[in-house]
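Data first, discussion second: the structure below is written as C-alpha cells.
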C-alpha cells in the first residue's frame, strides 16, 4: 500500500497528476481577510460644508470706443473724424450709457501732450471712468 500513496518518500517514475492548491487557498484567505478589514474604512467619509455655487449670467462686455489722435491734433471717433466741439457731445452721450463703454485712446507719437490732456480732462468732466491707452510694441 505504500506505493499507492503519492506523498511517500519513494521516488516515482511518473510525475504527480495532482495540483497542490494549499498555497493558493492560503493566499486567497489572507486577501479575503484584508479586504474584509479595509472595506469599512473606504466608506468612511469626513463631513464638510461645501460652499454653494450660484450661477449668474456674466455681464455683457461694454463696447469699446476708439479715439485716435494724429500728429496735427485731429480726433477720430471709431475712425470717423470729429470737429472740435463735437467730441464733448459724443463723450457726454457715451458717459450716460449703462454699462459705460471703455474709451481707448491711440495717439501718434508726435502728438502734443496738451491735446491728450484736454481730451482726458473732457472725458473726466463728463463722467467717463474707463479710460485706456493703446500703443504699438516696437
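Numbering (the working numbering), first residue to last: 637 to 774.
Beta carbons are placed, not taken as given, at the ideal position from N, Cα and C, and that holds for glycine.
request  = Hey, could you find the ends of the beta strand (DSSP E) residue 702 is sitting in?
outcome  = 700-705
ask   = Would you say the stretch 752-769 touches the stretch 722-733, given that touching needs at least three Cβ pairs under 8 Å?
value = yes
message = With the cut-off set at 8 Å, would you say residue 744 and residue 705 are in Cβ contact?
response = yes
key: Within the stretch 723-747, ranges of the beta strand (DSSP E) (whole runs, at least 3 residues)   = 738-743
inquiry  = Less than 8 Å between C-beta atoms, sequence neighbours within five positions excluded: which residues of the same chain meet that for residue 779?
reply    = The structure shown does not extend to residue 779, since the chain is modelled only from 637 to 774, so the question has no answer here.
message = Suppose you measure from the CA of residue 766 to the CA of residue 731; what does that come to, to the nearest Å?
response = 10 Å
request  = Go ahead and pull the three-state DSSP assignment for residue 717.
outcome  = strand
inquiry  = So if DSSP puts residue 767 in a beta bridge, which residue, or which two residues, is it bridged to?
reply    = 739
inquiry  = Going by DSSP, what residue range makes up the alpha helix (DSSP H) through residue 676?
reply    = 658-679
ask   = At what residues does the alpha helix (DSSP H) containing residue 756 begin and finish?
value = 749-762
ask   = Cβ atoms of residue 735 and residue 693: under 8 Å apart, would you say?
value = no
ask   = So, is residue 711 buried or exposed, given that buried needs 16 or more other C-beta atoms within 10 angstroms?
value = buried
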